[in-house]
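Numbering (our numbering), first residue to last: 113 to 229.
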Amino acid sequence: SSSSSSSSQDWEDMLPEPDFSRANYHSEKSMLSITLGTSLQIKPACEMPTYGRRKNNKNAKLVVVNLQKTPYDSEACLVIHARVDNVMKGLLGELGMKVDPSDPLPPLEKQEKRETL
C-alpha cells in the first residue's frame, strides 16, 4: 500500500543558479551551520547544513532550532525545540543586544502574545 505522505518534498524547479552553486560551496566550507525554523525536509536544501562535516571536516557542527523534531536532529551537536523568535531573543539578550525598535516587524514581545499553537 502507498502512503499519502512522504518524508521529503520535491520542488518542481531546481534551485536557481548561481545561488545553488554558491550555497553548495559555502556549505561544504562551513565549520558551523545553524538552521532556524525549518523542518529540513525539502531536498537538496535540507542536506546542505551537513555538507561541512560530511564532505570536508569531521569537526564541523550543526545546530537545529525548530519546534518539531527534524531528520537531522541526531546529527546536530545542539538541538533546541522552541520558537525561533524566543531563541533569538534570548541569544540577543545574552549578547547584550536589543531588537531595533525601528525594525519594520513588531517587537518580539508583541509577536509572542499574538502567537498561538
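Glycine is no exception: its CB is placed at the ideal position from the N, C-alpha and C atoms.
Computed from a predicted model, the values in this text were never measured in an experiment.
Tell me which residue opens and which closes the beta strand (DSSP E) that K201 is part of.
First-last for K201: 196-206, but that is the alpha helix (DSSP H), not the beta strand (DSSP E).
From G149 to K167, what does the alpha carbon distance come to, in whole angstroms?
24 Å
Taking buried to mean at least 16 other C-beta atoms within 10 Å of its own C-beta, is M209 buried or exposed?
Classification of M209: exposed, given that the 10 Å Cβ count is below 16.
By the DSSP assignment, the alpha helix (DSSP H) with S139 in it spans what residues?
131-141
Could you give the DSSP three-state label for K173: helix, strand or coil?
The answer is strand: DSSP assigns K173 an E or B state.
Please report how far the alpha carbon of S119 lies from the alpha carbon of I146, in whole angstroms.
Unreliable positioning characterises S119 in this predicted model, as indicated by a pLDDT of 39, which lies under 50. The coordinate reading is nonetheless provided below. If I take the Cα positions, the gap works out to 21 Å.
From H138 to P161, what does the alpha carbon distance come to, in whole angstroms?
10 Å
So the beta strand (DSSP E) L148 belongs to, where does it begin and stop?
144-148
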